[in-house]
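Residue numbers (the working numbering): 32 to 539. C-beta atoms are modelled at their ideal positions from N, C-alpha and C, and glycine is treated no differently. Data block below; observations after.
In structure tokens, the structure reads:
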């Protein structure tokens, strides 16, 4: 078939409308008055943001998280007047931090930001849950500052495709909100939406605002979906089947003429094939960048923990600093992280061809074709799990015995295994970027099999640590309280003093 199928035609039309909306909104902002930011603190603010993101190992949603941190400080004042007049200060701070270009934000948006802040501050006071107030406020403001109507059009297209091709019965009767779970899965798997962004999109679809009667009930329903194990199964299936769609989204995201390109099947497939090569190259760069960020994260966290815990412990128990355990704990996890990088390999040309064929069927193939889903993994029974558990214990025990010979004590061992597990999980996260573009199962080499055999136990522990760390990020809390709050408060006072002096000059 050389013409678009029904789903492809619907998508092409919606995409054209979204591009037109983007252009209209961009033109409107070009001719509006902009916020111009002057004053001290640009270098300090930018440097702090880099440190803060490295300490939290933040990769995506950086603007959203910066907005949330800003309003977390503002909400602490408990002053409605301060909250309702915070928009301009937010734009100034985001511009100084490098998230926004100077003279790029329309002054008219400040009023809208102030209204949103007041609205969600009331919800924060009423419900006392950050997920229902601060998180959504940050996403809405981000959407206001950086709009993209193509994003939701693509999400709807992917949702419609999976709704037709996934057999719902495979998830059983335990998942009552299947359609909502599928929509959440599409956002998580394809658009990398975090829970806050998913929540905001769903609230918009249900037309719920903080002052509406069903706001609480809708958020509780969303909480249930986000925490549901059955919904997580939908996500895993969608995530595994989304490689062709990921390439398509990146192609559309970077090209406003994609809808016109769909009109020629040959042109589209040629462009899609070139995009695959671009994706491979970009993944290589992202992995290298991820390794650097991981090393920075490990070093920053380890130095802070070493100063706060390890050094005082050595002096308290041994009367002096135990240098060898300190150096090994500091250097080994970053070196290990770098070595893991050399075991990561990109997919080959067979996978690229499979991606192109899948995209061809998606837009030009039979609209009723059933998606080929991977079969559920075979259960290997108690014996395999018992052997694997024993092997994990032997790995941890063997490494511990080796380190004891180097003078490690209980605390040193705990810190070593914590950081080794964290590094293993960070490396595993980087490897998933490659897996997200795989349609054809890659053959494992001897090196990758050996790597997986030994480091998987540490990955499992690292995932558990990462979940706990994300909930209570001690390093981030220290940075927020000891650096961010006084730094940005001081810089704001300096800017206000500069405005005062300028006004005094004008009066002379």
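Check, Outcome
"Classification of residue 166 by the beta-carbon crowding that lies within 10 angstroms, buried from 16 upward", "buried"
"Local conformation of residue 223 per DSSP, three classes", "coil"
"According to DSSP, residues forming a beta bridge with residue 189", "Answer by DSSP bridge pairing: none, since residue 189 is not bridged."
"Cβ contact (3+ pairs, closer than 8 Å) linking the segment 319-339 and the segment 414-423", "no"
"Chain-order list of residues whose beta-carbon lies under 7 Å from that of residue 405 (same chain, five-residue window excluded)", "Confidence is the limiting factor: at residue 405 the pLDDT is only 45, short of 50, which leaves the residue's position unreliable and the question unanswerable from this model."
"Where residue 78 falls, given that 16 or more other Cβ within 10 Å makes a residue buried", "exposed"
"Residues near residue 139 in its chain [Cβ-Cβ closer than 8 Å; skip 5 each side]", "63, 64"
"CA nearest to the CA of residue 330, picked from 414, 428, 366, 241", "366"
"Reference residue 340, options 357, 135, 213, closest by Cα", "357"
"Residue(s) in a DSSP beta bridge with residue 65", "137"
"At least three beta-carbon pairs within less than 8 Å, the segment 257-275 to the segment 215-222", "yes"
"Outcome for residue 118 when other beta-carbon atoms lying within 10 angstroms are tallied against a minimum of 16", "buried"
"Beta-carbon spacing of residue 168, residue 151 below 9 Å", "yes"
"Inter-stretch contact at 8 Å, needing at least 3 Cβ pairs: the segment 344-353 / the segment 450-458", "no"
"Expected contact under 8 Å - CB spacing of residue 275 and residue 435 to nearest Å", "The Cβ separation is near 51 Å, so there is no contact."
"Counted within 10 angstroms of its Cβ, other Cβ atoms place residue 462 as buried (16 or more) or exposed", "buried"
"8 Å CB neighbourhood of residue 382 in its chain, flanking five on each side removed", "468, 469, 470, 471, 473"
"Start and end residues, alpha helix (DSSP H) containing residue 387", "380-395"
"Assigned secondary structure, residue 177 (DSSP; H/G/I helix, E/B strand, else coil)", "coil"
"Reduced DSSP category for residue 243 - H, G, I as helix; E, B as strand; rest coil", "coil"
"Buried versus exposed, by CB contacts within 10 Å (16 or more), residue 251", "exposed"
"As assigned by DSSP and simplified to three states, the class of residue 470", "coil"
"As assigned by DSSP and simplified to three states, the class of residue 493", "helix"
"Inter-residue CB distance, residue 212 and residue 259 (contact presumed, cutoff 8 Å)", "7 Å"
"Nearest to residue 104 (by Cα), restricted to the options 261, 488, 519", "519"
"Whole-angstrom distance between residue 129 and residue 317, CA atom to CA atom", "20 Å"
"Same chain only: Cβ atoms within 7 Å of residue 207, ignoring 5 sequence neighbours per side", "none"
"Among 132, 93, 82, 61, nearest to residue 69 - alpha-carbon criterion", "132"
"Distance, residue 180 Cα to residue 376 Cα", "35 Å"
"Inter-residue Cα distance where the pair is residue 115 and residue 203", "48 Å"
"Straight-line Cα distance separating residue 516 from residue 234", "31 Å"
"Rounded C-alpha distance that separates residue 47 from residue 146", "31 Å"
"Cβ separation of residue 178 and residue 56, assumed to be a contact under 8 Å, to the nearest whole Å", "6 Å"
"For residue 35, the three-state DSSP class (helix, strand or coil)", "coil"
"Local conformation of residue 75 per DSSP, three classes", "helix"
"Whole-angstrom C-beta distance between residue 439 and residue 447, which should lie under 8 Å", "7 Å"
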